[in-house]
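Number of protein chains: 4
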Amino acid sequence: MSGRIRLGMVGGGQGAFIGAVHRIAARLDDQYELVAGSFSSDPDRARASASALHVAPDRAYGSWQAMAAAEAGRPDGVEVVSVVTPNHLHADPAIAFLNAGIHVICDKPLCHTLDAARELERAAKASRALFALTHNYTGYPLVRQARTMVAEGAIGTVRIVQVEYPQDWLTTSLESTGQKQAAWRTDPARSGAAGSVGDIGTHAFNLAEFVTGQRVGSLAADLAAFVPGRRLDDNAHMLLRFDGGARGMLWCSQVAPGNENALRLRVYGEFGGLEWAQEQPNLLVHTPFAEAPRMIRRGGAGASFIAAQASRIPAGHPEGYLEAFAQLYRDFADQIVAVREGRPPDPMSRLVPGIEEGMRGMRFIEAAVSSGQAGAGWVSLG
Amino acid sequence: MSGRIRLGMVGGGQGAFIGAVHRIAARLDDQYELVAGSFSSDPDRARASASALHVAPDRAYGSWQAMAAAEAGRPDGVEVVSVVTPNHLHADPAIAFLNAGIHVICDKPLCHTLDAARELERAAKASRALFALTHNYTGYPLVRQARTMVAEGAIGTVRIVQVEYPQDWLTTSLESTGQKQAAWRTDPARSGAAGSVGDIGTHAFNLAEFVTGQRVGSLAADLAAFVPGRRLDDNAHMLLRFDGGARGMLWCSQVAPGNENALRLRVYGEFGGLEWAQEQPNLLVHTPFAEAPRMIRRGGAGASFIAAQASRIPAGHPEGYLEAFAQLYRDFADQIVAVREGRPPDPMSRLVPGIEEGMRGMRFIEAAVSSGQAGAGWVSLG
Amino acid sequence: MSGRIRLGMVGGGQGAFIGAVHRIAARLDDQYELVAGSFSSDPDRARASASALHVAPDRAYGSWQAMAAAEAGRPDGVEVVSVVTPNHLHADPAIAFLNAGIHVICDKPLCHTLDAARELERAAKASRALFALTHNYTGYPLVRQARTMVAEGAIGTVRIVQVEYPQDWLTTSLESTGQKQAAWRTDPARSGAAGSVGDIGTHAFNLAEFVTGQRVGSLAADLAAFVPGRRLDDNAHMLLRFDGGARGMLWCSQVAPGNENALRLRVYGEFGGLEWAQEQPNLLVHTPFAEAPRMIRRGGAGASFIAAQASRIPAGHPEGYLEAFAQLYRDFADQIVAVREGRPPDPMSRLVPGIEEGMRGMRFIEAAVSSGQAGAGWVSLG
Amino acid sequence: MSGRIRLGMVGGGQGAFIGAVHRIAARLDDQYELVAGSFSSDPDRARASASALHVAPDRAYGSWQAMAAAEAGRPDGVEVVSVVTPNHLHADPAIAFLNAGIHVICDKPLCHTLDAARELERAAKASRALFALTHNYTGYPLVRQARTMVAEGAIGTVRIVQVEYPQDWLTTSLESTGQKQAAWRTDPARSGAAGSVGDIGTHAFNLAEFVTGQRVGSLAADLAAFVPGRRLDDNAHMLLRFDGGARGMLWCSQVAPGNENALRLRVYGEFGGLEWAQEQPNLLVHTPFAEAPRMIRRGGAGASFIAAQASRIPAGHPEGYLEAFAQLYRDFADQIVAVREGRPPDPMSRLVPGIEEGMRGMRFIEAAVSSGQAGAGWVSLG
């Protein structure tokens, strides 16, 4: 690669959580350089953010529209933008940059309504530019290994899928205190029709489909808003039926005290099982039927080539969330450079979720909300 | 207590698993003496079992009918019998002994059909004799502590209940090999209308109601028989709605490789959570919201009086399944002796599940099977 | 076995901890019947204990001397006695019963002085009666499996042995409060020359030798009494050199807050390792070099015949301390019955520690104390 | 901070492990820019490395001498260099850059001989430039919290320190295969007088002193080289006596199969304990005496300000080795910028280990080797 990829950012000004994560992820493997941004709709915050981020003042824009226009016209304009705004502000900038031929990395979920998602899908398909969606848990080495093991038949046909993502930070009415992260996530106008289902249920759903290689055909969802006054679900229980014959459960919650980001997947097939938990991401438990369970550790014996490729340091030195997030940036960099160079990308780089996974997530949200409204009746994901 | 309680046994001949467990449980605290039994319908096995168990030859009966008749007429006849036969052979002997004024300890589930269960319920209510059902997991000290903590408001109103009981021993068609335990459990004639739901789902259900103090009002169940040719469910996924407002999930499976008896309960309330797992029974994790999680260990700091009462040895020396099972025997002994002595039993001894819990389990099985047949529609537990 | 073994007990009156454990252990497998005892030097307590334990009044003795004399003369006299008194009261009764041809089960350590130990050793060797020492951790199924795996070369020649037994119950001066267990254990007159080293260090030492099959040739011990005013060590750190070339460390402590009975052994050889912890006794971790670690669970895949033989219930239903303790009683029962029947005992029954292990423990205590007094210089165990 | 700190690197060419780690660490928080390097003594590898690392060709030097001379003369010359060569090549370049007024970040241990260390110490004290030593485990948020808790008396006076760092990668004679990392680490000429003791024992030692705030006064070390033909220790067992009265043990090993980087510290005081393990770095177990153990999680309840300051992302999203390493770079950046700006550095930034910790490590190595040669006699650390 002859030079770093020129990166812009929409959102992610000072105080935002996920913007900072994207920037570290972009920086970790040294393949990107942040050169422009519309970090905030507040001009002062935008300017201060740019300065702190070593972005030149003339490339610190007051709006993504201005940024798209100006950058598209520069010979040294951004090659890719990261969209890290709240859900309702994903689709419009993403479409604009795609239309301008600029690659897009978009935070999940894809956006806040299925209609907007469809427009974005059209734009992504029409554009020659690439689109990535940061379902970041797919960047963990042992998640990728689990996917490969399932695909290669290590546990036989998958029968059972248990996936869950409990948190506890919305156990009380945090949104009433003015806390920003809580405020937009519990507001239908900004978050969309779902609360916990959109925010973390989509991660669980994506992880289940990613690892099993099966698609959820239909679901029955019992949604609840336990905290008085809350307008969106803060807990959801779902039955899942997969198109390959597996059955499963999905639980997401933001009101389960003691749980931080306890995303966990268990998959059982005809002759084995696999278990992985986000809070112990360097371990994959493989349970071949009638054999002693094996602890596969990132970088250790039993870890595969695919896991090694998504790793930076030797076994026993824990990698975490940022490294997994960075893996998506690293893989997407290969896709971008492949376009630059007119070569096919490394096959592994295609593991980065894209518009298709984004649309799956939107259908999942819609199905879960519909089912919830219908008393947990079965709804097809189409 | 002036003398040991005279105990008889129905079933439990050589080679049976649960009969041996009941005998150890009865022996552990030295409050029972096994003096009679109809251990097997095969006379040779019955005799050999009696001899190995130090039961006098004249009290080794060829049938429970003969045993009931003879023992009821002896001044030193059995005061209590343990019924440890397969499900379809619970109700008749239990009714006979209750009618004879002899206390009954019955293995779970109560029996194989709701009709038989109703007859047994009538007999139990009509008899002056006592009835206990060995939902043995309620005998674990920290399960009892969890129940007490919930009742005393330690976690506030319960919102979420996650309970599961996965096993793996039926991952393949073990019943085809002639294995006895597998054969009767997968046979509708002997096991009843449910497979995994009756065998282990009932334990999970009982545990959830025991600890939360809430009753499941309705459920939606997706039952599957994954192993080709199997006639009863070997996996079930359920949504639960509790009468106190909680929502939950129940998963039971006998085809989840790597799981032995991985019964696990997690309960979350307005301001805290509790987690307990049968395979690590000496630990109860308490997660007060916005505080560091606490590891409450049996016998250790934070363990309550109720847990200590159900314990035999100090902290750090693990107790297990047999001790928990024995606890039900110990508690029921107090009930029996209280009758002897015309005094009220120790309140804690009332924690032993009885006919009511048995009927709850039968309604649970019926509801789950109905729901499963109706494509996982909601069914009330009445 | 035609009848239960007639058992007597020395010590173990009401309120004692270890006496109750021995009785449960004796009862668990129904091979013993407690028929006599000198439970306490206090006549009232002795009588009350006997009554609570269903021992006939005429066989509740006021002293072990009286018991030995009377029982040796009865045709139905005790065949074996359990000695469960404090350390300084082990040797005399044990010698007396051995001299009377009555088998002895003695709690550990063997006794309080090396001189007394030598006398006891002589008596044991001279007697036709058998002697067992309850280093109970050797009764755990997976400890026995570990020993077998090492012996069979599963990890190659052992290089490294890390063993530890931390507790916390003496973190403060509990003995000053009058607590009985603390009082005798911190009193040189009753406990012997060592505190934690004798009480729990001996268990760790015994476990290390039992599993590795190597003997400690010499040690260097740093003993400390951290609690002001305490006369015996409450913490000890040791370097170990084994006669087979292994090197190791032993740590025992009674002042390590948060530790209950955290006995743990790790053994590493040329091509693999084994890890076991008493508080999770149903798990043995096997770490073959350059392979994924394997979780061997009691009763599960990978568990051997030897483990199964020391087990009572299936995998996933945890067994604990009492079952392991009972295993020694079960094995010793086989030895006793073999004598009765004039046949050789089952080879597995020889795993019960005896006088030789008791003498090893005494030499360990002496060496540790000598080394400690000499500023942790090396001392040979002879 | 107005611009990124200009960083150079000595060593760390393609294929090196620790150089890549240092670069990621430098990049993570975006406070450094790598602008120069003498990455390898092989000119082709040096050039290729520079190109891959976006370093201008004219600042890719063939030797650190050339680099020191040239960079010291440039107005835009490096402000700091990272020395990431094998141990025997630490001191000379570090001294040269310090003499040139350029700050130095040096990998541990300080160097390969005590004489060289003393020279480096003199240079560091004489220079106005700063010196940092990457004992990277001190960068973990919960290690810092542990240190603070001890300092604030949360567990009382420390009595017991158990520290260990087992690995398994040298279980066989990897150095014989030509593996580079193994080759220099087992070669006295490049590694110094110690093997495992210098490579990882120093980390364990540093961690123990860092957290307890006590210094090791003397030690007794039993060193072994288990692999035939190996010239340096691959396993060491030590007794420790601290100047504040604590006693401890240190175990380091590179031949313990199943262990990757299992650095673990346990500290027990008069009224509590703390436990931390590098492979689960987001958890600190606090065991106040006579209370239930508390699980303090990075970012969660119970995590202190000091931990938060060394953290980047919220609780439940695991951070790992790279983030901890980056923390030292971040802190050292503050020290460097404080010099630039003529202000005192943030007090927390002083947590970065420096020359003093380096000298402690060298004395530790020397003492351990001396003790080992003297049959594990006590040696003072002076």
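Chains as they are written, first to last, in UniProt numbering: chain A, 1 to 382; chain B, 1 to 382; chain C, 1 to 382; chain D, 1 to 382.
We treat Cβ as the ideally placed atom computed from N, Cα and C, and that holds for glycine.
Computed from a predicted structure; not experimentally measured.
Taking C-alpha positions only, GLY358 (chain C) is separated from ALA46 (chain C) by approximately 28 Å. If you draw a 10 Å sphere on the C-beta of GLN373 (chain C), you find fewer than 16 other C-beta atoms in it, and that means exposed. When rounded, the separation of the alpha-carbon atoms in ASP58 (chain D) and ALA26 (chain D) is 22 Å. Residue pairing by DSSP places ARG241 (chain B) opposite B:SER218 and B:ARG247 in a beta bridge.
By the rule that beta-carbons nearer than 8 Å mark a contact, ILE296 (chain C) touches chain A.
Residue-level contact check: PHE17 (chain A) touches chain D, since one or more beta carbons of chain D fall below 8 Å from its beta carbon. Take PHE332 (chain C), set aside five residues on each side of it, and the residues of its chain with a beta-carbon closer than 8 Å to its own are VAL80, HIS103, ILE105, LEU130, ALA132, SER349 and VAL352, in chain order.
The alpha-carbon of GLU341 (chain C) is positioned some 15 Å away from that of ARG6 (chain C).
Under a criterion of Cβ atoms nearer than 7 Å, the residues of chain C adjacent to ALA290 (chain A) are, in order, ALA301. When A:THR287, A:GLU33 and A:GLU366 are compared, the shortest CA-CA separation from GLY8 (chain A) is found for A:GLU33. Taking 8 Å as the threshold, the shortest C-beta distance from ALA256 (chain B) to chain A falls below it. When C-beta atoms of the stretch 154–172 of chain C are compared with those of the stretch 262–269 of chain C, three or more pairs fall below 8 Å, so the two segments count as touching. For the stretch 265–294 of chain B, the residues whose beta carbon sits under 7 Å from a beta carbon of chain D are, in order, ALA290, GLU291, ALA292, PRO293 and ARG294. Counting along the chain, VAL337 (chain B) sits inside the alpha helix (DSSP H) bounded by residues 321–341. Residues LEU114, LEU381 and GLY382 of the same chain have their beta carbon placed closer than 8 Å to that of ARG363 (chain D), with the five preceding and five following residues left out of the count. Residue-level contact by beta carbon holds for LEU28 (chain A) and chain D, with a gap shorter than 8 Å. Just so you know, the alpha carbons of ASP30 (chain C) and ASP30 (chain B) end up roughly 11 Å apart. Of all C-beta pairs linking the stretch 142–162 of chain B to the stretch 284–302 of chain B, three or more are shorter than 8 Å, placing the two stretches in contact. Between the alpha carbons of GLU356 (chain D) and ASN206 (chain C) lies a distance of about 43 Å.
Excluding five sequence positions before and after PRO43 (chain D), the CB atoms of its chain that fall closer than 7 Å to its own CB belong to GLY62, given in chain order.
Per the C-alpha coordinates, the member of D:ARG231, D:THR85, D:ARG74 and D:LEU53 positioned closest to TRP64 (chain D) is D:THR85. Leaving aside the five residues that flank ALA50 (chain C) on each side, the residues in its chain whose CB is nearer than 8 Å to its CB run, in chain order, GLY37, PHE39, ALA56, PRO57, ARG59 and ALA60. Chain D has no Cβ within less than 8 Å of the Cβ of PHE364 (chain C).
Under the Cβ distance rule, LEU207 (chain A) does not count among the residues neighbouring chain B, no pair being separated by less than 8 Å. For ARG6 (chain A), the closest Cβ of chain B is not nearer than 8 Å. Counting only residues of its own chain and dropping the five nearest sequence neighbours on each side, ALA16 (chain D) has a CB closer than 8 Å to the CB of VAL84. Here GLN162 (chain D) is bridged, per DSSP, to D:MET249 and D:ARG266. Residues of the same chain with a CB within less than 6 Å of the CB of ALA72 (chain B), apart from the 5 flanking positions on each side, are ALA100 in chain order.
CA-CA distance, LEU274 (chain C) to LEU284 (chain C), rounds to 7 Å. Excluding the 5 residues flanking it on each side, LEU232 (chain C) has same chain C-beta neighbours closer than 7 Å at THR186, PRO188, SER191, ALA194, GLY195 and ALA225, in chain order. In chain order, MET9, HIS22 and ILE105 place their CB closer than 6 Å to the CB of SER82 (chain B), counting only its own chain and leaving out the 5 sequence neighbours on each side.
Comparing C-alpha distances from GLY12 (chain D) to each of D:LEU89, D:ALA301 and D:ILE336 shows the shortest one belongs to D:LEU89. Contact with chain C is absent for ILE200 (chain D), since none of that chain's Cβ atoms lies less than 8 Å from the residue's Cβ. Positions of the alpha helix (DSSP H) runs, each at least 4 residues long and wholly inside the stretch 50–125 of chain B, are given as 64–73 and 91–99 in order along the chain. Sorting C:ASP107, C:SER370, C:HIS135 and C:ALA277 by C-alpha distance to the C-alpha of HIS203 (chain C) places C:HIS135 at the top.
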